[in-house]
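> Mapped onto the numbering used here, the consecutive letters of the sequence shown carry residue numbers 7 to 135.
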Amino acid sequence: MMRMQSDLVELCLKACENGGLKGCEASYDERPAVGVVLAAQGYPASPRKGDVIEGLDKKHGDDTKIFEAGTKFQGEQVVTSGGRVLCATALGKDIADARQKAYDLAKTVHFDGMFYRNDIAWRALARNK
């Protein structure tokens, strides 16, 4: 999703028409993207729900985005509602740059019990050496 430059809604609507996506082309940013899933305590067996998520309102760089998955509104606050809560995603000039930006972005948000893997994209980094 981070690399897609085409209008996803437009493509989905076109896919529903007769002829589907025939003649359509999606365009993508050529830069690599890395996403780090921020998970809830207890994931995957029984993720804890209802923890307040802080930091979503912060401004982030143009090449970064936090995708929400296991979240919901509870009054005025966004809280956890599933195991894979957020995905901190970044584009970079190379895998190492995208990875660093994604991990830096992950550190800007917080909820009790939040955890994430520290080995994301390490195989891709090893291939590029």
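Every residue gets a Cβ at the ideal spot worked out from N, C-alpha and C, and that includes glycine.
The structure displayed is predicted, hence computed values, not measured ones.
(1) With Lys20 as the anchor, note down where its alpha helix (DSSP H) starts and where it stops.
(2) Can you tell me whether Arg90 is helix, strand or coil according to DSSP?
(3) Ordered along the chain, which non-local residues of its own chain (more than five positions away) have a Cβ less than 6 Å from that of Ala21?
(4) Indicate whether the contact test is met: 3 or more Cβ pairs, each with one atom in the stretch 41-61 and one in the stretch 106-120, closer than 8 Å.
(5) For Val40, which option in Asp57, Ala96, Asp69, Trp128 has the closest C-alpha, if you only look at C-alpha atoms?
(6) Rounded to whole angstroms, how far is the Cβ of Val91 from the Cβ of Ala112, which I believe are closer than 8 Å?
(7) Could you tell me which of Gly29, Ala94, Ser33, Glu23 sits nearest to Arg9, measuring between CA atoms?
(8) With DSSP as the reference, label Lys107 as helix, strand or coil.
Answer, in terms of the structure:
(1) The residue given as residue 20 occupies position 14 in the sequence shown. Taken as a continuous stretch (DSSP letters only), the alpha helix (DSSP H) holding Lys20 covers 14-22.
(2) The sequence position of residue 90 within the sequence shown is 84, counting from 1. Three-state result, Arg90: strand.
(3) Reading the sequence shown from its first residue, position 15 is the one you call residue 21. Leaving aside the five residues that flank Ala21 on each side, the residues in its chain whose CB is nearer than 6 Å to its CB run, in chain order, Leu27.
(4) A contact is defined here as three or more CB-CB pairs under 8 Å, and the stretch 41-61 meets this definition with respect to the stretch 106-120.
(5) As a working mapping, residue 40 is identified with position 34 in the sequence shown. Nearest to Val40 by C-alpha distance, out of Asp57, Ala96, Asp69, Trp128, is Ala96.
(6) Residue mapping note: residue 91 aligns to position 85 of the sequence shown, counting from 1. Residue mapping note: residue 112 aligns to position 106 of the sequence shown, counting from 1. Contact flag wrong, Cβ pair sits at about 11 Å.
(7) In the sequence shown, the residue the question calls residue 9 occupies position 3. Looking at the Cα atoms, Ser33 is the closest of the given residues.
(8) Mapped onto the sequence shown, residue 107 falls at position 101. Reduced to three states, the DSSP call for Lys107 is helix.
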